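J.: The structure's right below; bear with me while I get my questions together.
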Amino acid sequence: MTFKKSIVVILIIIISLILFSSELMIHFINFLNIYPMVYWITYISAIISVLTVIITLFWYGNARKRFSSPIKKKTFSSVKIILTIITILGIIQVILSLFAQELLYQLTSILFITLSVFFGFRTFINLSTSLLFRSNIKEFGTIPSVSIIIPAYNEGKVIEKTIRSVLELRYSQKEIIVVDDGSWDDTLKIAKLMETNNQIRVISKRKNGGKWSALNEGIESSISDIIVCIDADTVLDKNAIQPLVNHFIDSKVGAVAGNIKVGNRDKLLTKLQALEYISQLNIQRRSEAFFQKITVVPGPLGAFRKSIIKEVGFYTGDTFAEDADLTLKILKAGYRIKYEPKSIGYTEAPIFFFDLAKQRYRWYRGLLQVIIKHKGMFFNPKYGTTGLFIIPWISLNGLIFSWFNFFASVWIFILIFNPFSGFLIYIQIYFFWFFFFLIIEVVMSMYAIYVDVREKPKILFYIIAYKLFYGYMTNTIRILSQLEQYLKYPMKWETIRRT
5 MTFKKSIVVI
15 LIIIISLILF
25 SSELMIHFIN
35 FLNIYPMVYW
45 ITYISAIISV
55 LTVIITLFWY
65 GNARKRFSSP
75 IKKKTFSSVK
85 IILTIITILG
95 IIQVILSLFA
105 QELLYQLTSI
115 LFITLSVFFG
125 FRTFINLSTS
135 LLFRSNIKEF
145 GTIPSVSIII
155 PAYNEGKVIE
165 KTIRSVLELR
175 YSQKEIIVVD
185 DGSWDDTLKI
195 AKLMETNNQI
205 RVISKRKNGG
215 KWSALNEGIE
225 SSISDIIVCI
235 DADTVLDKNA
245 IQPLVNHFID
255 SKVGAVAGNI
265 KVGNRDKLLT
275 KLQALEYISQ
285 LNIQRRSEAF
295 FQKITVVPGP
305 LGAFRKSIIK
315 EVGFYTGDTF
325 AEDADLTLKI
335 LKAGYRIKYE
345 PKSIGYTEAP
355 IFFFDLAKQR
365 YRWYRGLLQV
375 IIKHKGMFFN
385 PKYGTTGLFI
395 IPWISLNGLI
405 FSWFNFFASV
415 WIFILIFNPF
425 SGFLIYIQIY
435 FFWFFFFLII
445 EVVMSMYAIY
455 VDVREKPKIL
465 FYIIAYKLFY
475 GYMTNTIRIL
485 SQLEQYLKYP
495 MKWETIRRT
């Protein structure tokens, strides 16, 4: 372990020890004589977080009406359901404040301790396993051929840039297959103009069948046993392919996930998404890579063994997260799935909040669909580590923790701003815990940036906006999206505006 990594680990341990003693924490603050400053910083932070949740709820209610699968007017919306639950929690807390304050304190303590244990356990697992992850690979003696599949539907604004990035790859043995999935813009025309290069082949589908269908069309017509699937907006690093391919020396490897980064970092919203990719998505992949059990080979860049795709039944359209579904089918078949941080693909992130909501709606609801589809793997020893740990872990992270974190935070925020509460000292303790949670997440983000490839610390300037605003906004969208899946509301594939 390097010196810098050791410092990060030591800092995490020190902060964790402080967090597990409220009395020590108060003395620590008093010793530094920063009580008023910390109090007001945390108070303002809590207000921002609360306002973010409230604004997101009302904004999402209006945005959802503009989706291509609007909810019927008579249907009780997910926003109204969540607001009703929050109102009930508020009423319960006011009643307890007036008539049973001791019970209120006990309930809040249980909630807070459980939330802290969840948070600490998740942080420990992600940190320890990502620290232990190593991408040690040997190179092929010869260069195996690779088929690069690019599914496209109305991607005229970005498809040329994507194809050019693939042509410029420092990898000679490749064929490029562009599958136009019934586009009505100039996607097919642009792709056909570039087909003059003998490495490019364009397949045109008259009717739109969905991304999964376009991918299958390209895979079936490919000539290589190693398939690289990318999105129509992905710009590949010139050296992206070789590190991916090298993992397939191991016959037990079924797929390899690439390192996805946000390419259009010219707006605040896209900078926040860039930080999310680094500190959340990629650090999670590093953690899963320790077990060689990546749970989502991302659509923007992933490599597969063609024979294994055929074995598990190709992509399917019964969920809106076809990449996660195929990944779990490969894990279910007993193959390893690795992560290669040196294989970089730049994706175009949504620049409008409405488009971000549509994207995350599909991600979060699609994840729940995939988990439900593969529920038979839960704690099933037949699937080894995948069934006993990986599947329960992604369910804990993507479902249970998110829901519990949302409502536990709502309960604690109500307590903080509850004028009838008599436990002022405990409210102060919750303030300080909130403050130190922020510190730990900042440290984790610093670590994620340090271990990632080609990332600079300047992205940390946006960490406060990310933690107080962006994180609460996306988690609120997650709750609403997954609630709609439970309620079986209509859903269609939502398109995102390109720039």
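For the sequence shown, counting from 1, position 239 maps to 243 in our numbering; every step adds exactly one.
From the three backbone atoms N, C-alpha and C, an ideal C-beta is built for every residue, glycine too.
The structure presented is a predicted model; accordingly, all values stated were derived computationally and were not measured.
Going by beta carbon distance, what residues of the same chain come within less than 6 Å of residue 199, once the five residues before and after it are set aside?
T.: 206
J.: Just how far apart, CA to CA, sit residue 250 and residue 387?
T.: Taking the straight line joining both Cα atoms gives about 26 Å.
J.: For the alpha helix (DSSP H) containing residue 475, list its first residue and its last residue.
T.: 475–490
J.: Look up residue 409 in the DSSP assignment and say whether it is helix, strand or coil.
T.: helix
J.: Taking buried to mean at least 16 other C-beta atoms within 10 Å of its own C-beta, is residue 176 buried or exposed?
T.: exposed
J.: Run through DSSP, which three-state label would residue 26 get?
T.: Below a pLDDT of 50, predicted positions are generally treated as unreliable, and residue 26, at 46, falls in that range; the measurement from the model is reported next regardless. DSSP places residue 26 in helix when its eight states are reduced to three.
J.: Can you find at least 3 beta carbon pairs, one from the stretch 220–229 and one from the stretch 160–170, that sit closer than 8 Å?
T.: no
J.: How far does the alpha helix (DSSP H) with residue 359 in it extend, from its first residue to its last?
T.: 357–377
J.: Does the distance from the CB of residue 58 to the CB of residue 154 come in under 8 Å?
T.: In this structure, residue 58 keeps its C-beta atom at 8 Å or more from the C-beta atom of residue 154.
J.: Beta strand (DSSP E) containing residue 155: first to last residue?
T.: Residue 155 -> beta strand (DSSP E) spans 150–156.
J.: CA-CA distance, residue 471 and residue 190?
T.: 40 Å
J.: Between residue 313 and chain D, is there a C-beta pair that is closer than 8 Å?
T.: Annotation note: the requested chain D is absent from the structure, which comprises a single protein chain.
J.: Between which residues of its own chain and residue 350 is the CB-CB distance below 6 Å, once the five residues before and five after are set aside?
T.: 239, 265, 267
J.: Is the beta carbon of residue 498 less than 8 Å from the beta carbon of residue 71?
T.: Their beta carbons are under 8 Å apart, which means residue 498 touches residue 71 by this criterion.
J.: So residue 46 and residue 438 are in contact, right, with Cβ under 8 Å, and what is the actual spacing, rounded?
T.: 6 Å
J.: What residues in its chain sit with their C-beta under 7 Å from that of residue 418, if we drop five residues either side in the sequence?
T.: 93, 94, 97
J.: Buried or exposed: which applies to residue 289, given that a residue is buried once 16 or more other Cβ atoms fall within 10 Å of its Cβ?
T.: buried
J.: Around the Cβ of residue 121, are there at least 16 other Cβ atoms within 10 angstroms (buried) or fewer (exposed)?
T.: exposed
J.: Please report the Cβ distance between residue 291 and residue 129, rounded to the nearest whole angstrom; I am assuming they are in contact, meaning their Cβ atoms lie under 8 Å.
T.: With a Cβ gap of about 7 Å, residue 291 and residue 129 count as contacting.
J.: With DSSP collapsed to three states, give me the class of residue 142.
T.: coil
J.: Does DSSP put residue 349 in a helix, in a strand, or in coil?
T.: strand
J.: How is the alpha helix (DSSP H) around residue 307 delimited, first residue to last?
T.: That residue, residue 307, is in no alpha helix (DSSP H); its beta strand (DSSP E) goes 306–309.
J.: Buried or exposed: where does residue 337 fall if 16 or more other Cβ atoms within 10 Å of its Cβ makes it buried?
T.: Taking a 10 Å sphere around the C-beta of residue 337, we find fewer than 16 other C-beta atoms and assign the residue as exposed.
J.: Considering only their Cβ atoms, is the gap separating residue 236 from residue 156 smaller than 8 Å?
T.: Taking 8 Å as the Cβ cut-off, residue 156 and residue 236 qualify as a contacting pair.
J.: Given a cut-off of 8 Å, decide if residue 259 and residue 306 are closer than it, judged by their beta-carbon atoms.
T.: Result yes, Cβ atoms of residue 306 and residue 259 sit closer than 8 Å.
J.: Mapping DSSP to helix, strand and coil, what is residue 344?
T.: Here DSSP, grouped into helix, strand and coil, assigns residue 344 to strand.
J.: Counting along the chain, where does the alpha helix (DSSP H) carrying residue 126 start and finish?
T.: 105–136
J.: Classify residue 270 as helix, strand or coil using the three-state DSSP reduction.
T.: coil
J.: Assuming residue 403 and residue 375 are in contact, meaning their beta carbons sit under 8 Å apart, how far apart are those beta carbons, in whole angstroms?
T.: 7 Å
J.: According to DSSP, simplified to helix, strand and coil, what is residue 202?
T.: coil
J.: Apply the 10 Å Cβ neighbour rule to residue 272 and answer buried if 16 or more other Cβ atoms are within range, or exposed otherwise.
T.: exposed
J.: Per the contact definition of three or more C-beta pairs closer than 8 Å, is the stretch 405–418 in contact with the stretch 99–119?
T.: yes
J.: Taking only three categories from DSSP, how would you classify residue 173?
T.: coil
J.: Taking the alpha-carbon positions, what's the residue 468 to residue 353 distance?
T.: 20 Å
J.: Restricting to runs no shorter than 3 residues, where is the beta strand (DSSP E) found entirely within the stretch 226–259?
T.: 230–233
J.: Can you round the beta-carbon distance between residue 378 and residue 332 to whole angstroms, since I take them to be within the 8 Å contact cut?
T.: Rounded, the Cβ-Cβ distance is 5 Å, consistent with contact.
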